[in-house]
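S.K.:
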Amino acid sequence: MNRTFFKVHGSGNSFYLYNTSDENEMDWVKLTKWLCDKDNEGGADGLLLVLPSNHADAKMRVINADGSEASMCGNGLRCVARFVCDNLGLDKAVIETMKADLEVRKEHSIFEDIPTYAVEISPVSFELSSLPMNYHNQTEIKHQILKEFSPSIKFTAVSVPNPHLIGIVEKRYIEDTYHQKLLAQFLNSENDYCVDGVNVSYVHKLKNDTIFVRTFERGVGFTNACGTAMTASALVSKLNGLVDTNVVTVLNPGGFVKCEVIQKDTDAFELTLIGNATIVSEYVLQTEQNNYQFINRKDTEEQKQYEKCIQLVNKELASLS
Ligand SMILES: N[C@H](CCC[C@H](N)C(=O)O)C(=O)O
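Using the UniProt record's numbering, the letters of the sequence shown map in sequence onto residues 1 to 321.
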């Protein structure tokens, strides 16, 4: 049987996107591991499933490269938003995700004509039980040195609703990823702090409205970008005075996004992630007796245009360092 898959990305966080009305059509874990193998067409960070919803415009499921399932994915949601809006002829839609129905909308391009979408990131919680995370019976970790992890980095734990541990770091921790990698690998193996693992981001301030974020993703490893992590990092940066604007530019190894942070109440926030939703290629996958094979690939022109955007980011980064 032949099926159509799209290779898409948001900020270089790359996924295969598959639209189906049958949630049990295939063994998604096995398929995702095959799709994400780096030796297979360069791999991907996960699989996005677009499914029917009984109350929203569509439902999204996110399978990480290792087969685990993520409750949310900001970069992926932009790609799903584009797919759903294009298919249904809409400018905005509501997408059901594991823990929330989220509003998405078409947005003015962040760079030249690059297709751009804005997605709601919600619900936000600082309660450690929401990640879940255990740390000396504390209920929250907000801009705090965790001496077991580092003598100097201040961390915040937040779920949006997937779990994030965010450290504000000096430039040397961005230039050399060793510390972040060790910590993230530890927290994503069997350990007592984060029993379900956690996405670990290191954030460095570049300007009063700009930060750089690198994320080690649970279930994947270092990725070019993680949308929920960048949005959570913008929130943490705002709360701790690194930035002083409501819209934060977040540079990452795969490009950039804009994150809007609106504080509604002491612990209530409205977060919006705005960035590209790029379709790189369309594939035909042949499946026979549980064996997979790509039998066709058609590239779009969109990646060429996106690469111009990357050049701009690299120039900006070079001028700031
Ligand atoms: N890349 C995604 C998040 C995947 C999260 C996943 N790694 C997890 O929570 O297990 C994003 O753009 O938000």
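Yeah, the Cβ is synthetic: ideal placement off N, Cα and C, and Gly gets one too.
Where does cysteine 85 fall in DSSP's three states?
M.R.: DSSP places cysteine 85 in helix when its eight states are reduced to three.
S.K.: Do residue 323 and ligand 1 come close, with the Cβ less than 7 Å from some heavy atom?
M.R.: Nothing about residue 323 can be reported from this structure: the residues present for the chain run from 1 to 321 only.
S.K.: Ends of the beta strand (DSSP E) at arginine 61?
M.R.: That run of the beta strand (DSSP E) goes 58-64.
S.K.: Can you say whether isoleucine 279 is buried or exposed, counting buried as having 16 or more other CB atoms within 10 angstroms of its CB?
M.R.: Buried.
S.K.: Can you have a look at methionine 1 and say buried or exposed, based on whether 16 or more other CB atoms are within 10 angstroms of its CB?
M.R.: Methionine 1 should be labelled exposed.
S.K.: Using the rule of at least 16 other Cβ atoms within 10 Å of the residue's Cβ for burial, across every protein chain shown, is glycine 241 buried or exposed?
M.R.: Exposed is the call here.
S.K.: By Cβ distance below 6 Å, which residues in the same chain neighbour isoleucine 295 in space, the five residues on each side in sequence not counted?
M.R.: Same-chain partners within the cutoff: Val284, Gln286.
S.K.: Would tyrosine 292 and leucine 49 qualify as a contact pair, given that the criterion is a beta-carbon distance under 8 Å?
M.R.: Their beta carbons are not under 8 Å apart, which means tyrosine 292 does not touch leucine 49 by this criterion.
S.K.: Considering only heavy atoms of ligand 1, does any lie closer than 7 Å to the CB of methionine 72?
M.R.: Yes; taking the cut-off as 7 Å, the Cβ of methionine 72 has a heavy atom of ligand 1 nearer than that.
S.K.: Cβ-heavy atom distance between glutamate 217 and ligand 1 below 7 Å?
M.R.: Yes, the beta carbon of glutamate 217 sits closer than 7 Å to at least one heavy atom of ligand 1.
S.K.: With distance defined between alpha-carbon atoms, name the residue in Gly89, Gly10, Thr245 nearest to alanine 118.
M.R.: It is Gly10 whose Cα lies nearest to the Cα of alanine 118.
S.K.: How about residue 327: is its Cβ closer than 7 Å to a heavy atom in ligand 1?
M.R.: Shown here, the chain extends from 1 to 321; a query on residue 327 therefore has no answer.
S.K.: Straight-line CA distance for alanine 100 to aspartate 265?
M.R.: Using only the alpha carbons, I get a separation of about 20 Å.
S.K.: Go to tyrosine 18, then tell me how far its beta strand (DSSP E) extends in each direction, as first and last residue.
M.R.: Element bounds for tyrosine 18: 13-19.
S.K.: I want to check one thing, is the minimum distance from the CB of aspartate 45 to the heavy atoms of ligand 1 below 7 Å?
M.R.: Yes, since a heavy atom of ligand 1 falls inside the 7 Å radius drawn around the Cβ of aspartate 45.
S.K.: I'd like to confirm the pairing. Which residues does DSSP put opposite arginine 3 in its beta bridges?
M.R.: Beta-bridge pairing links arginine 3 to Leu285.
S.K.: Do you know offhand how far phenylalanine 15's Cα is from methionine 133's?
M.R.: Those two C-alpha atoms are separated by around 28 Å.
S.K.: Cα separation between valine 29 and arginine 172?
M.R.: Rounded to the nearest angstrom, the two C-alpha atoms are 37 Å apart.
S.K.: Does serine 233 pass the burial test, meaning 16 or more other C-beta atoms within 10 Å, or should it be called exposed?
M.R.: So serine 233 ends up on the buried side.
S.K.: For ligand 1, is there a heavy atom less than 7 Å away from the beta-carbon of valine 220?
M.R.: Result yes, Cβ under 7 Å from ligand 1.
S.K.: Say the cut is 7 Å; is the CB of cysteine 79 nearer than that to a heavy atom of ligand 1?
M.R.: No; taking the cut-off as 7 Å, the Cβ of cysteine 79 has no heavy atom of ligand 1 nearer than that.
S.K.: Of the residues Val160, Lys304, Asp244, Pro253, which one's Cα is nearest the Cα of leucine 273?
M.R.: That would be Val160, whose Cα lies nearest to the Cα of leucine 273.
S.K.: I'd like to confirm something about leucine 67: is its beta-carbon nearer than 7 Å to some heavy atom of ligand 1, or not?
M.R.: Note that residue 67 is glycine in the sequence shown here, rather than leucine. No, the Cβ of glycine 67 stays beyond 7 Å of every heavy atom of ligand 1.
S.K.: How many angstroms separate the CA atom of glutamine 185 from the CA atom of proline 151?
M.R.: One C-alpha to the other measures close to 18 Å.
S.K.: Under a three-way DSSP split, which group does alanine 234 fall into?
M.R.: Note: alanine 234 maps to helix in three-state DSSP.
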